[in-house]
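Note sheet for the following structure.
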Amino acid sequence: MQTIRGFRDILPEHIALWQKVEKEATQLFSAFGYKEIRIPILEKTQLFARSIGEATDIVEKEMYTFPDRKGDKLTLRPEATASIVRSYVQHKMYATDPIRKFFMIGPMFRRERPQKGRYRQFYQIDAEVFGIESAYIDSELIFLLNELFKRLGLTGLSAHINSLGCPECRPGFQKNLLDLLESQKDKLCDNCLNRMNKNPLRTLDCKVQGCRDALKDAPCTIDHLCDDCSDHFNTVKQTLKKQGVDFIVDKSLVRGLDYYTRTAWEIQTTTLGAQSALAGGGRYDGLVKEIGGPQTPGIGFAIGFDRLVEVLEQIETAPKPNPLDLFVVCLGKDAMEKGYHWSCELNQKNIRTDIDFRGKSLKALMKRANKLDAEYVLIVGENELHDNAIILRNMQTKEQKTFSVETLIDELTKIFKI
5 MQTIRGFRDI LPEHIALWQK VEKEATQLFS AFGYKEIRIP ILEKTQLFAR
55 SIGEATDIVE KEMYTFPDRK GDKLTLRPEA TASIVRSYVQ HKMYATDPIR
105 KFFMIGPMFR RERPQKGRYR QFYQIDAEVF GIESAYIDSE LIFLLNELFK
155 RLGLTGLSAH INSLGCPECR PGFQKNLLDL LESQKDKLCD NCLNRMNKNP
205 LRTLDCKVQG CRDALKDAPC TIDHLCDDCS DHFNTVKQTL KKQGVDFIVD
255 KSLVRGLDYY TRTAWEIQTT TLGAQSALAG GGRYDGLVKE IGGPQTPGIG
305 FAIGFDRLVE VLEQIETAPK PNPLDLFVVC LGKDAMEKGY HWSCELNQKN
355 IRTDIDFRGK SLKALMKRAN KLDAEYVLIV GENELHDNAI ILRNMQTKEQ
405 KTFSVETLID ELTKIFKI
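If you read the sequence shown in the working numbering, its first letter stands for residue 5, the second for the next number, and so on.
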C-alpha cells in the first residue's frame with residue numbers, strides 16, 4: 005500500500021524542523037495578542053463556494069467535495085479563512101467583542117497537480133483579524149510575517165504589496181479591464197474567457213503566457229483607487245517604511261479569491277537565489293457579512309508551511325529530535341522487572357528514558373544505546389542487584405558511578421536537574 009498521490013508522510017526524522025517553526029510562530033503570534041483557534045477539516049461545500057467564489061479554480065476544479073450519507077455536499081477545507089469567519093459568525097463572537105485575533109496551524113486540501121513544494125494535502129499557518137478597519141493592522145500583519153521569517157533565519161525578504169480597491173472604486177477599474185479583455189478575446193485561454201464576466205480580476209492572475217502577453221498593458225487597480233483606499237494604502241506604505249520592512253509596490257499582484265479588498269500582499273525571499281513566495285494575505289472587509297454576520301472588517305494571511313520548511317532545509321541543518329537522557333540495560337528477568345518500573349517512573353519525571361524488552365546481550369544493548377544517542381546508560385543485571393550497586397555510565401566521558409537501589413531515583417533526579 006502507498007500514500008495517495010499528492011499526499012505524504014512527515015517522518016520523525018524530519019519533524020523537528022516543523023516543530024521549531026510551530027514554536028516560533030506560536031510564541032510570536034501570542035506576543036502580538038493572537039489566540040489559537042482549531043477549526044473542522046470538513047465544512048459544508050456552500051461555505052467555500054459562497055466565500056471563495058464560484059468562478060475560482062479552487063471551487064471549480066480543486067476542492068475535494070462529496071455527498072455524505074444524507075446527500076449533503078461536504079468539502080475538505082481548501083483554505084482556513086472561510087472556516088474561521090464561519091466560526092466567528094456562528095458563535096456570535098462579534099456580540100461580546102468584535103475585535104478578535106486568531107491563528108491556526110493545520111492541513112488544507114486541494115486537488116492540484118502535485119509538484120515540488122505543492123501537495124494535495126498541504127499545511128498552512130494562518131492568522132486572521134476581525135473588527136479593525138485601520139491600515140495599521142494591515143502593516144502589523146506584514147510586519148509579523150517579516151519578523152517570523154527573520155527569526156527563522158531567512159534573508160532577502162521583501163513584501164510585494166498592492167491595493168485591490170473597494171466596491172466604491174473597483175467598478176471603474178473593471179470597466180477598463182473588460183474593454184481590454186473584449187479587444188483581446190481571440191488571444192485568451194478558455195479559463196480567462198470564462199472568467200471575463202464572472203470575475204474579470206482573476207484574468208490578471210492567469211499563468212498562461214499568451215494571456216500574460218495579451219494583458220501586459222492591462223489597467224491596474226492601484227490607478228483607480230478612491231480617496232479612502234488611497235489614504236489607507238499610503239498609511240500602510242509609510243508605516244512599513246518606518247518599521248524598516250522592505251517592500252515593493254507590485255501593481256500586477258492580485259489574489260486568487262473573490263473576497264479580497266484593499267491591501268493584498270506576498271512575502272518573498274531570495275534565500276535560494278531566485279524569488280520564492282512563502283506567504284500571502286489581504287483584507288476582506290465584506291466576507292463576514294457575506295457569510296451571515298454583521299458588517300465587520302477582516303484581514304489575514306496564510307503561510308505555505310511545506311514550502312517554508314523546504315526553504316529552511318536548504319539553509320540549515322534540521323534540529324535533532326530531543327536526545328535520549330537515559331537508556332536502561334536490563335540483563336535477566338529480575339533486572340527487567342526493576343528496570344521497567346524505574347523507566348516508567350523516570351519518564352514521569354520528564355527524564356527521557358527508554359528500555360529494550362527483547363532480552364539482548366550487553367554488547368547488543370550498548371550498541372542500541374549508541375544508536376539512540378543516549379547520554380547515559382543504566383546497567384541493571386543480576387549481579388548489580390545482588391551487590392546493590394546499579395551502574396550509571398556516561399556515554400561521552402565513559403565515566404561510571406554506582407548507586408544503591410534505594411537511592412537510585414533520587415540520585416538520577418539530581419543528575420538530570422529535575
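Just so it is clear, CB atoms sit at the ideal spot from N, CA and C, and this is done for glycine as well.
From a predicted model like this one, the values you see are computed outputs, not experimental measurements.
Rounded to whole angstroms, how far is the Cβ of R287 from the Cβ of T267, which I believe are closer than 8 Å? The residue given as residue 287 occupies position 283 in the sequence shown. The residue given as residue 267 occupies position 263 in the sequence shown. That pair is a contact at about 5 Å.
For I319, count neighbouring C-beta atoms within 10 Å of its own C-beta (all shown protein chains included) and say buried if the count is 16 or more, exposed if not. The count along the sequence shown starts at 1 and reaches residue 319 at position 315. Answer is exposed; the Cβ neighbour count stays below 16.
Grab me the residues of K81's own chain with a C-beta within less than 8 Å of its C-beta, minus the 5 sequence neighbours each way, in chain order. To locate residue 81, count along the sequence shown from 1; it is residue 77. Per the sequence shown, residue 81 should be read as Arg rather than Lys. These residues qualify, in order along the chain: I43, P44, I45, L46, E47, F52, S87, M112, F113.
Which residues in the same chain as F309 place their Cβ atom closer than 8 Å to its Cβ, once the five residues preceding and following it in sequence are excluded? Taking the first residue of the sequence shown as 1, we reach residue 309 at position 305. Result list for F309: W22, V25, I109, F126, Y127, Q128, I129, in chain order.
Considering only DSSP beta bridges, list what A131 is partnered with. The residue given as residue 131 occupies position 127 in the sequence shown. According to DSSP, which records beta bridges pairwise, A131 is partnered with F107, F305.
Return helix, strand or coil for G343, following the three-state DSSP convention. Here residue 343 corresponds to residue number 339 of the sequence shown, with the count starting at 1. Residue state, collapsed to three classes: helix.
Figure out for me which residue from G176, Y380, V89, F420 has the closest Cα to the Cα of E132. Here residue 132 refers to the residue found at position 128 of the sequence shown. Of the candidates G176, Y380, V89, F420, the one whose C-alpha sits nearest the C-alpha of E132 is V89.
With DSSP run on the structure shown, which of helix, strand or coil describes N203? Counted from its first residue, the sequence shown places residue 203 at position 199. Reduced to three states, the DSSP call for N203 is coil.
What are the boundary residues of the beta strand (DSSP E) that Q213 is part of? Position 209 of the sequence shown, counting from 1, holds the residue named residue 213. Segment 213-218 is the alpha helix (DSSP H) holding Q213; no beta strand (DSSP E) there.
Give me the Cα-Cα distance between N198 and K211, rounded to the nearest whole angstrom. As a working mapping, residue 198 is identified with position 194 in the sequence shown. As a working mapping, residue 211 is identified with position 207 in the sequence shown. The alpha-carbon atoms of N198 and K211 are separated by roughly 15 Å.
Could you compute how far the alpha carbon of Q352 sits from the alpha carbon of K367? One-based indexing of the sequence shown puts residue 352 at position 348. One-based indexing of the sequence shown puts residue 367 at position 363. C-alpha separation (whole angstroms): 28 Å.
Beta strand (DSSP E) runs wholly inside the segment 49-127, at least 3 long, in chain order: 69-71, 77-80, 104-113
Suppose contacts are defined by Cβ-Cβ distances below 8 Å. Is R155 in contact with L32 by that definition? Locating residue 155 in the sequence shown gives position 151, counting from the first residue. Locating residue 32 in the sequence shown gives position 28, counting from the first residue. Their beta carbons are under 8 Å apart, which means R155 touches L32 by this criterion.
Confirm, please, whether the CB-CB distance from P327 to D358 is below 8 Å. As a first step, residue 358 must be located in the sequence shown, where it is residue number 354. As a first step, residue 327 must be located in the sequence shown, where it is residue number 323. Not closer than 8 Å, so no.
Could you check how far apart the C-beta atoms of L244 and A139 are, in whole angstroms? I think they sit under 8 Å. Indexing the sequence shown from 1 puts residue 244 at position 240. Indexing the sequence shown from 1 puts residue 139 at position 135. So it is not a contact: roughly 10 Å between Cβ atoms.
Thinking F70 and I103 are a contact (beta carbons under 8 Å), I'd like their distance in whole angstroms, please. Counting from one through the sequence shown, the residue named residue 70 turns up at place 66. Counting from one through the sequence shown, the residue named residue 103 turns up at place 99. So it is not a contact: roughly 37 Å between Cβ atoms.
Grab me the residues of T239's own chain with a C-beta within less than 6 Å of its C-beta, minus the 5 sequence neighbours each way, in chain order. The count along the sequence shown starts at 1 and reaches residue 239 at position 235. So the qualifying residues of the chain are A139.
8 Å is my cut-off, CB to CB: does Y92 come that close to chain C? Of the protein chains in the structure, only one exists, and it is not chain C.
My guess is that I413 and W346 are in contact by the Cβ rule of under 8 Å, so how many angstroms apart are they, rounded? Position 409 of the sequence shown holds residue 413. Position 342 of the sequence shown holds residue 346. Correct: roughly 7 Å between the Cβ atoms.
Hey, would you say the C-beta of Q125 is under 7 Å away from at least one heavy atom of the ligand GDP? Absent from the structure shown: the ligand GDP. Ligands present: none.
Ordered list of beta strand (DSSP E) runs contained in the segment 388-413, each at least 3 residues: 394-398, 404-407
Whole-angstrom distance between A281 and N150, CA atom to CA atom: Looking up residue 150 in the sequence shown gives position 146. Looking up residue 281 in the sequence shown gives position 277. Their backbone Cα atoms lie some 12 Å apart in a straight line.
Could you check what DSSP says for T239 in three-state terms: helix, strand or coil? For the purposes of this step, residue 239 is identified with residue 235 of the sequence shown, where counting begins at 1. It is helical.
Cβ pair K246, C224 closer than 8 Å: In the sequence shown, counting from the first residue as 1, residue 246 sits at position 242. In the sequence shown, counting from the first residue as 1, residue 224 sits at position 220. Taking 8 Å as the Cβ cut-off, K246 and C224 do not qualify as a contacting pair.
Which same chain residues end up closer than 6 Å to I383 when comparing Cβ atoms and leaving out the 5 residues on each side of it in sequence? As a first step, residue 383 must be located in the sequence shown, where it is residue number 379. Excluding positions up to five away in sequence, the list reads V333, I395.
Can you tell me whether DSSP reads I41 as helix, strand or coil? On the sequence shown, residue 41 is found 37 positions in, with the first residue counted as 1. Three-state DSSP puts I41 in coil, outside helix and strand.
Rounded to whole angstroms, how far is the Cβ of G10 from the Cβ of R124, which I believe are closer than 8 Å? One-based indexing of the sequence shown puts residue 10 at position 6. One-based indexing of the sequence shown puts residue 124 at position 120. Their Cβ separation, rounded to whole angstroms, is 3 Å, which keeps G10 and R124 in contact under 8 Å.
Can you find the residues in the same chain that come closer than 8 Å, C-beta to C-beta, to L184, ignoring five residues on each side of it along the sequence? To locate residue 184, count along the sequence shown from 1; it is residue 180. The residues are L219, D221, A222, P223.
Integer Cβ distance of I303 from F153, believed to fall under 8 Å: Within the sequence shown, numbered from 1, the residue matching residue 303 stands at position 299. Within the sequence shown, numbered from 1, the residue matching residue 153 stands at position 149. Not quite, the Cβ-Cβ distance comes to about 19 Å (not below 8 Å), so this is no contact.
Would you call the CB atoms of L350 and L416 closer than 8 Å? Here residue 350 is taken as the residue at index 346 of the sequence shown, counted from 1. Here residue 416 is taken as the residue at index 412 of the sequence shown, counted from 1. In this structure, L416 lies closer than 8 Å to L350 by Cβ.
Are the CB atoms of R115 and E294 nearer to each other than 8 Å? Taking the first residue of the sequence shown as position 1, residue 115 is located at position 111. Taking the first residue of the sequence shown as position 1, residue 294 is located at position 290. Contact flag unset, no.
When the Cα of E64 is compared with those of T49, R73, G37, E40, which residue comes out closest? As a working mapping, residue 64 is identified with position 60 in the sequence shown. Nearest option by C-alpha distance: T49.
Out of Y263, Q94, K402, R311, which has the shortest C-alpha to C-alpha gap to P118? Counting from one through the sequence shown, the residue named residue 118 turns up at place 114. Closest option to P118, Cα to Cα, is R311.
Delimiting residues of the beta strand (DSSP E) encompassing S162: Walking along the sequence shown from the start, residue 162 turns up at place 158. S162 -> beta strand (DSSP E) spans 161-167.
Are D329 and I307 close, meaning C-beta to C-beta below 8 Å? Working through the sequence shown from its first residue, we reach residue 329 at position 325. Working through the sequence shown from its first residue, we reach residue 307 at position 303. Cβ distance not < 8 Å, so D329 and I307 don't count as in contact.
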